[in-house]
Amino acid sequence: MHDKPQTISPLVRRITAANPSHMTGFGTNTYLVGNDEVLVIDPGPEDDAHTKAILKAAKGRIRWIMCTHTHPDHSPGVPALKAETGAEVMAWSNRGGLRTDRRLSDGDQLVTDEFTITAVHTPGHAGNHLCFFLKGERMLFSGDHIMQGSTVVITPPDGDMRAYLDSLAKVRALKLKAIAPAHGHIITDPNAVIDWYTAHRLEREAQLHGLLTEMGSARIAQLVEAAYVPLDPILIPMAKRSVHSHLRKLADEGKVEGNGARGVWSVV
Numbered sequence: 004m005h006d007k008p009q010t011i012s013p014l015v016r017r018i019t020a021a022n023p024s025h026m027t028g029f030g031t032n033t034y035l036v037g038n039d040e041v042l043v044i045d046p047g048p049e050d051d052a053h054t055k056a057i058l059k060a061a062k063g064r065i066r067w068i069m070c071t072h073t074h075p076d077h078s079p080g081v082p083a084l085k086a087e088t089g090a091e092v093m094a095w096s097n098r099g100g101l102r103t104d105r106r107l108s109d110g111d112q113l114v115t116d117e118f119t120i121t122a123v124h125t126p127g128h129a130g131n132h133l134c135f136f137l138k139g140e141r142m143l144f145s146g147d148h149i150m151q152g153s154t155v156v157i158t159p160p161d162g163d164m165r166a167y168l169d170s171l172a173k174v175r176a177l178k179l180k181a182i183a184p185a186h187g188h189i190i191t192d193p194n195a196v197i198d199w200y201t202a203h204r205l206e207r208e209a210q211l212h213g214l215l216t217e218m219g220s221a222r223i224a225q226l227v228e229a230a231y232v233p234l235d236p237i238l239i240p241m242a243k244r245s246v247h248s249h250l251r252k253l254a255d256e257g258k259v260e261g262n263g264a265r266g267v268w269s270v271v
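Going by this note's numbering, the first residue of the sequence shown is number 4, and it counts up by one from there.
This is how it looks when you write it as structure tokens:
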């Protein structure tokens, strides 16, 4: 249900914004952490109804706002929430119109009487992407780093496939019990999902390298047509971005060469 709080644990509630799409799934999840003093993670899009739902659920106790990254379905709701609460805004960087009170670095913590949460820098989907690790529950608020029921779009140049794979390994080492994604339901088998994400990316990479070897050379559109069968036409732009990010990684490793998103690529 949109804009209705759902209890995830004694410390965590989720409110899903009414912004469903092929990119956001059912909508962007906003998380409220804490009871006496509340942290809001990802206020979501600029949407009055969603902001009001957050304020109502928090009952005037919002002290902090954290953003996983500054894409338009995650951080534009910050100004309205900040104006209503005066909460401290925290994120990796000031991008996409976001204005922070505190810029977070990898390992920075927020320690309250109820919980401790740690910022984990996870570039890949976006260069300024953070996940947030709730220590007591071993729960990771994963933003768009890991989503339930879907893979993640990696869009160069800010999106980086090598960094994404490294970030997957980084969060796997946290020995998680649950993942609370920005899109989809709670993930209760974190390691299995992270392993699947990693294997899927490596299999796609090997497939693309094999296709280029067979074809001699190809443009990204040709690789998408060969690799993604069948594919809903609405998803073709996202597939092209992911293929481009794989090719950039392979190029950095000296395995392929090519000329950007519209150029011809070939095996070295």
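Here a beta-carbon is modelled for each residue, glycine too, at the ideal position from N, C-alpha and C.
Ranked by Cα distance from C70, the options H212, E40 and S108 are led by S108. Taken through DSSP and simplified to helix, strand or coil, W199 comes out as helix.
Looking at the DSSP output, T103 sits in no beta bridge, so it has no partner there. Take T33, set aside five residues on each side of it, and the residues of its chain with a beta-carbon closer than 8 Å to its own are R17, I18, T19, A20, V43, I44, D45, P46, G47, H53, I57 and G80, in chain order.
Between H74 and the set E40, A254 and M26, the nearest pair of CA atoms involves M26. Sixteen is the threshold: when 16 or more other Cβ atoms of the shown chains lie within 10 Å of the Cβ of A242, as they do, the residue is buried. Unbroken beta strand (DSSP E) runs of no fewer than 3 residues, entirely contained in the stretch 195-249, are found at 220-222, following chain order. Between A202 and M142, the C-beta gap is not smaller than 8 Å, which leaves the two residues out of contact. The C-alpha of T119 lies about 14 Å from the C-alpha of D39. Here R175 carries a helix assignment [DSSP, helix/strand/coil].
A direct Cα-to-Cα measurement between I189 and V155 gives close to 16 Å.
DSSP places P82 within a helical segment (H, G or I) once states are collapsed to three. If you ignore the 5 residues before and after G257, its C-beta comes within less than 7 Å of the C-beta of V271, all in its own chain and listed in chain order.
Here DSSP, grouped into helix, strand and coil, assigns M142 to strand. DSSP places R17 within a strand segment (E or B) once states are collapsed to three.
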